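Each protein sequence line maps, in turn, to chains A and B. Position in the first sequence counted from 1, then plus 3, gives you our numbering. Position in the second sequence counted from 1, then plus 383, gives you our numbering.
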Amino acid sequence: MAAYIIRRLFAAVLLLLVVSAVTFAIFFLVPRIAGQTVDQLATQYVGKDANPDTVAAVKKNLGFDQPVHLQYWHFVKALVVGADYNFGPDASHCDAPCFGYSFKSHIAVWPQLTSRIPITLSLAVGAAVIWLVSGVAIGVLSALKRGTFVDRFFMGVALAGVSLPIFFTGMLAMAVLTVQWPVWGDGINYVAFTDNPAEWAWNLLVPWCSLAFLYSALYARLTRAGMLETMSEDYIRTARAKGLKESAVVAKHGLRSALTPIVTIFGMDFGLLLGGAVITESVFSFKGIGEYAVAGIKDNDLPIVMGVTLVAAFFIVICNLLVDVVYAAIDPRVRYS
Amino acid sequence: MKTQRTTVAIATAVVLALGASACGGSGDDGGKSGEKGGKAAANAALTEIANKSDKKGGTVSYELSDTADSFDPGNTYYGWVQNFSRLYGRTLTMFKPAAGKAGLEVVPDMAESLGKASPDAKTWTYTLKPGLKFEDGTPITSKDVKYAVERSNFAPEALSNGPTYFKAHLEGGDKYQGPYKDKSPEGIKSIETPNDRTIVFHLKDAFADFDYLATFSQTAPVPQKADKGAEYVKHIISSGPYKFESYEEGKGATLVRNPQWDPKSDPNRPALPDKIAIRFKINQVTVDNNLLNDSITTDAAGTGVAPQTQPKVLRDAKLKNQTDNPYASATSYIGLNLKVKPFDNVHCRKAVQWGIDKASVQEAQGGDPKGDVATTLLPPSVNGYAKFNLYETPGNKGDLAKAKDELKQCGQPNGFSTTLTARSDRPAEMSMATAVQASMKKLGINVEIKTFPTGKYFTNFAGVPDYVHSHNLGMIMTAWGPDWPTGFGFLDQIANGSAIKPSGGNNVQELDDPQINKALNEAIANTDAAARAKAWGEVDKMIAENASAVPLIYRKNLLLRPRSATNVTVDQAYLGTYNYLLMGSAK
Chain A
4 MAAYIIRRLF AAVLLLLVVS AVTFAIFFLV PRIAGQTVDQ LATQYVGKDA
54 NPDTVAAVKK NLGFDQPVHL QYWHFVKALV VGADYNFGPD ASHCDAPCFG
104 YSFKSHIAVW PQLTSRIPIT LSLAVGAAVI WLVSGVAIGV LSALKRGTFV
154 DRFFMGVALA GVSLPIFFTG MLAMAVLTVQ WPVWGDGINY VAFTDNPAEW
204 AWNLLVPWCS LAFLYSALYA RLTRAGMLET MSEDYIRTAR AKGLKESAVV
254 AKHGLRSALT PIVTIFGMDF GLLLGGAVIT ESVFSFKGIG EYAVAGIKDN
304 DLPIVMGVTL VAAFFIVICN LLVDVVYAAI DPRVRYS
Chain B
384 MKTQRTTVAI ATAVVLALGA SACGGSGDDG GKSGEKGGKA AANAALTEIA
434 NKSDKKGGTV SYELSDTADS FDPGNTYYGW VQNFSRLYGR TLTMFKPAAG
484 KAGLEVVPDM AESLGKASPD AKTWTYTLKP GLKFEDGTPI TSKDVKYAVE
534 RSNFAPEALS NGPTYFKAHL EGGDKYQGPY KDKSPEGIKS IETPNDRTIV
584 FHLKDAFADF DYLATFSQTA PVPQKADKGA EYVKHIISSG PYKFESYEEG
634 KGATLVRNPQ WDPKSDPNRP ALPDKIAIRF KINQVTVDNN LLNDSITTDA
684 AGTGVAPQTQ PKVLRDAKLK NQTDNPYASA TSYIGLNLKV KPFDNVHCRK
734 AVQWGIDKAS VQEAQGGDPK GDVATTLLPP SVNGYAKFNL YETPGNKGDL
784 AKAKDELKQC GQPNGFSTTL TARSDRPAEM SMATAVQASM KKLGINVEIK
834 TFPTGKYFTN FAGVPDYVHS HNLGMIMTAW GPDWPTGFGF LDQIANGSAI
884 KPSGGNNVQE LDDPQINKAL NEAIANTDAA ARAKAWGEVD KMIAENASAV
934 PLIYRKNLLL RPRSATNVTV DQAYLGTYNY LLMGSAK
């Protein structure tokens, strides 16, 4: 098991390197192919007054006058050993893992990322708990009550959940709950868990539910399909024939088997969310990783884009690794060699 | 039966929920407005102070959908930040915090008087008031002002956002390397500080608008020992009535009273609230909702409510009373590039001037609340504006006969084909482009619309002459607001030949008319303010005669004044945002 995890972590590092190289290439090479010059690139990081002196200074300070492969090497090196930057009277050292400084604001990216992770994590964990519990419960219930009104109702709601985008449900919830019936009269604002756990949960409730509405619908349909298939297997009939209680048949034999694909997709979904719930964070104006990604992309700010991409990729890799480990617990047939 | 009851209950709940959401756009919200305040009528804050108050205390809360380019007074260009920065940074001079046109007057701030100019307007001397202090209690000296100008204008490697007018006009400005590279104690030689209260600027050219430059946040003092370059924004040292309690990059800030600020030295800042909070990157619809439910004081960007909110606000009489619809001190116009055929011919340019249906353009960009039809480049809210219309047509709908006559004189009697550029992520601009295309079609001018993203519009496309020429971009849609509200502040960057740049330029017409250049350069050397103001109107008329810029819209914003906002007035000096120095809150 330990060897397996080490191998996977090693592969993850390689994967992150590939992801960073591809992101770097997309950023620098694609515009170059479309005819953008280095001066034009540098001009984007200058204010309205893009005079040649300013552009030249910015170009030099951001390293755009160097070949792209050298710039990439400096980036990777800074990740491992840190780097020195000069955006003021004295050079400042950026400790590893150094994602560099924003091209736009010249503020270090890593502290920004770390300050935003708790927000995204709060959003993702709460929503995941809700959608996992409600989605799986509804899916199991629908499967067991197949063809009844309960099944049709829940699957109808699930269809709506899958169909309605978060920017619709989220905005609707905001309009209704902050203006029409101002339950959240002062708006929905993120409060850190460490500052006030009750306020934290209260302000996250609507975003959690909006996000979970989308996902739980998906999970309910997946669970229902899995349960229907599993519950028709021979070993379920055998279990019932042995005289096991129905609840034990459903929970121990049916659900356990049906959960395998759910766990797989949960790992992916949760990892993706940790990399930034872009739309949800934008709708509710939460300053998480996703909102940071949008800002980076909008401003063509490579260090931010690289930082968010690598953090997102890291979370996805880790979540998938955890899923693979969890497989062994769920499915005894799985062994690591 | 049970199932039926359940179904009915669920259906009722769904209908109620949907009904509630649909009602979101109704006038029900307005039922609450006006109960606690909001006695002022629509546009009450345009020429007067609405909900006037001198009550101190409370919190003024700002939100906006974007971020500041920087709160560092030496690293910002945004108009609303210049307005906001006056809360924590005092400058040599400032715009008088007052309603209406009085707000365009420049008055002393840290200086005892306006700048004392030499007869040739090349040397400007200011004397600081005695007893000024930073938030840490250390005295503010003329050297701190000099250092602030040096770092803001001469260190683009770290502070690249702000304008560089001081660099452009100071003697030796092209050679000085800035305080981060040039560590010599004397700094730039053309700014002298003979004593701790006197600062003298030596310019290489006559510049009679210098008192306006001295209003820029770049003259807010910065103690050299506290300067961390780009990171200074995290620990700004205040010289104004408020100081930073906290700042989070990309998220927001909180300001509290600065006990070292002496109100006796500062008659212009009433400093009403005890606290000021600002949050960045709030969804615009959420900002509007928060204005409607009175949970914030104002939208800091001051660009008006979102298009979705506009009908809700205008349809409800009570909510409408809470609106102000000021000029944004900006004009939307089309630049006809003089290097792209057939616009090298003045008659082809005049054909567009006569033929364009500006009424349809106004309608397309959002109607009256978003702007008035423009006939000049200078908007009415700028010092030097003169009202005229060289191409007057009935109802501003265009005059086809006159346009076709110009086309004949241009040698294009059947029209021609050209390209119009617009910014793809600006829906109003895209709509205007479509309206222009339709009105040109009536003349036989086939316009192809090409769109580019805002972030690269000037740096890579419309502001790059080589690209414009090679891609035949004859008509370039743009908009311009002045860096300071005078004719020179407005026109110099868009109509002076010296403003043509290889990339990122705003003189999209590539207008380089010796007479216009001369008129601009001569007027700015004139120390007689009234004569200067008259000259700007005349220059504007010369540009209209040249016909290379087609004014479309004097842009306006629909601002919403929450009930708890007090002492509210529109600030014409800062693009029609509310005046943030005067504003208070009943909360």
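Positions of the beta carbon are idealized from the N, C-alpha and C atoms, including for glycine. Since this is a predicted model, take the numbers as computed values, not measurements.
For H77(A), not one C-beta of chain B is nearer than 8 angstroms to its own C-beta. Contact between L965(B) and P522(B) is ruled out by a C-beta separation of about 28 angstroms, above the 8 angstroms threshold. Using a C-beta cut-off of 8 angstroms, the segment 659-677 of chain B makes contact with the segment 686-698 of chain B, since at least three inter-stretch Cβ pairs fall below that distance. Interface flag for G91(A) against chain B is set, since a Cβ pair is found closer than 8 angstroms. Only buried fits I141(A), as 16 or more other CB atoms lie within 10 angstroms of its CB.
With respect to A223(A), I133(A) sits apart: the two C-beta atoms are not nearer than 8 angstroms. Residue nearest to R469(B) within the set L586(B), Q820(B), A603(B) is A603(B) (criterion: CA-CA distance). Against chain A, the CB of Y563(B) has a partner CB under 8 angstroms away; the residue lies at that interface. Residue state for N704(B) is assigned as coil, using DSSP reduced to three classes.
Distance from the Cα of E746(B) is smallest, within the candidate group V830(B), Y937(B), G520(B), for Y937(B). Against Q74(A), chain B offers no close residue; the least beta-carbon distance is about 17 angstroms (beta-carbon pairs closer than 9 angstroms). Collapsing the DSSP output to three states places I169(A) in a helix. In summary, the residues of the segment 669-684 of chain B whose CB is separated from some CB of chain A by less than 7 angstroms are T669, N672, N673, L675, N676, S678, in the order they occur in the chain. Of all residues in the segment 614-628 of chain B, those with a C-beta nearer than 7 angstroms to a C-beta of chain A are E614, reading in chain order. Within the segment 512-556 of chain B, the complete alpha helix (DSSP H) runs of at least 4 residues fall at 525-537, 548-552.
The beta carbon of V922(B) lies closer than 8 angstroms to those of G870, L874, A878, I899, A902, L903, A906 in the same chain, with the five residues before and after it left out. For V765(B), the number of other beta carbons within 10 angstroms of its own is at least 16, and it is reported as buried.
DSSP places S715(B) in the uninterrupted beta strand (DSSP E) bounded by 710-719. Bounds of the alpha helix (DSSP H) holding N323(A) are 305-333. With respect to chain A, the C-beta atom of I832(B) has no partner C-beta closer than 8 angstroms. Going by C-alpha positions, F590(B) is about 14 angstroms away from L497(B). Straight through space, the alpha carbons of N829(B) and R732(B) are spaced by roughly 14 angstroms.
Residues of the same chain with a CB within less than 8 angstroms of the CB of V490(B), apart from the 5 flanking positions on each side, are T476, M477, F478, K479, L497, N651 in chain order. Taking 8 angstroms as the threshold, the shortest C-beta distance from A298(A) to chain B falls below it. Rounded to whole angstroms, the Cβ separation of A769(B) and G920(B) is 3 angstroms, and the two are in contact under 8 angstroms. For the segment 528-561 of chain B, the set of residues with a beta-carbon nearer than 7 angstroms to any beta-carbon of chain A comprises P539, E540, A541, S543, N544, G545, P546, T547, in chain order. Using a Cβ-Cβ distance cut-off of 8 angstroms, the segment 306-318 of chain A and the segment 110-122 of chain A are in contact, since at least three pairs of beta carbons, one from each stretch, lie closer than that value. For M966(B), no alpha helix (DSSP H) segment is defined, and its DSSP state is neither H nor E.
Taking all protein chains shown into account, M4(A) has fewer than 16 neighbouring C-beta atoms within 10 Å of its C-beta and is therefore exposed. Judged by DSSP in its simplified three-state form, F216(A) adopts helix. Straight across, the Cα-Cα distance linking A784(B) with T759(B) is about 22 angstroms.
In this structure, A280(A) sits away from G270(A), with a CB-CB distance that is not shorter than 8 angstroms.
From the beta-carbon of N303(A), the residues of chain B found nearer than 9 angstroms are G838, K839.
Looking at the DSSP output, T680(B) bridges to nothing.
No Cβ of chain B is located within less than 8 angstroms of the beta carbon of V281(A).
Just measuring C-alpha positions, the residue of M234(A), V25(A), Y48(A), Q183(A) sitting nearest K107(A) is Y48(A).
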